[in-house]
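Worksheet for the structure shown next.
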Amino acid sequence: YAGKWYALAKKDPEGLFLQDNISAEYTVEEDGTMTASSKGRVKLFGFWVICADMAAQYTVPDPTTPAKMYMTYQGLASYLSSGGDNYWVIDTDYDNYAITYACRSLKEDGSCDDGYSLIFSRNPRGLPPAIQRIVRQKQEEICMSGQFQPVLQSGTL
1 YAGKWYALAK KDPEGLFLQD NISAEYTVEE DGTMTASSKG RVKLFGFWVI
51 CADMAAQYTV PDPTTPAKMY MTYQGLASYL SSGGDNYWVI DTDYDNYAIT
101 YACRSLKEDG SCDDGYSLIF SRNPRGLPPA IQRIVRQKQE EICMSGQFQP
151 VLQSGTL
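Just so we're aligned, residue 1 is where the sequence shown starts under full-length UniProt numbering, counting upward by one.
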């Protein structure tokens, strides 16, 4: 999973979220700790577009479920948010695509109240047709078909 990923599509949470040119560089340490540095553009106050740098650390609360993690993140500027989300790698082939889902807040019954999802590719230009079919099938399986919007990757960061 380590290495550079580019967001191709996203389902936004409520509130402020990265807009375009989203990428993440994951590093896995020898002790299994995973960290990420993410970049993207975000629009503040409805008109001010800035580059955003985020840093995150991931922990695996239950080693029997390594795809479910807890992500602690912080914006590398005072106007960017910080916090923690439950984070899942829904599916990946490690070489081409990854589908992630994160939950920002839970309902009383334990289900997700506000979450977001990203479809990542190793290539900023997109996925081959065969991989696109796999991703669409996974979106249907997790009941999120039609909820994603494309993420522009113009290479301007």
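Every residue, glycine too, gets a C-beta built ideally from N, C-alpha and C.
By the CB criterion at 7 Å, Lys107 and Asp114 fall outside the cutoff. Beta-bridge partners of Tyr116 (DSSP): Ala102. For Ile50, the enclosing beta strand (DSSP E) covers residues Trp48 to Thr59. DSSP places Pro66 in the coil class of the three-state scheme, outside both helix and strand. The C-alpha of Asn96 lies about 20 Å from the C-alpha of Ser145. In the structure shown, Arg133 falls within a helical segment according to DSSP collapsed to helix, strand and coil. Taking the Cα positions, Ala36 is about 9 Å away from Lys4. Where Ile90 is concerned, the enclosing beta strand (DSSP E) starts and stops at Ser82 to Thr92.
Listed as beta-bridge partners of Glu29 by DSSP are no residues whatsoever. Setting aside the 5 residues that flank it on each side, Ser154 is surrounded in the same chain by Asp20 and Asn21, each with a C-beta closer than 8 Å to its C-beta; the list follows chain order.
Judged by DSSP secondary structure, Lys10 falls within the beta strand (DSSP E) whose first and last residues are Gly3 to Lys11. Between Ser117 and Lys11 the beta-carbon gap is near 4 Å, inside 8 Å, which marks them as a contact.
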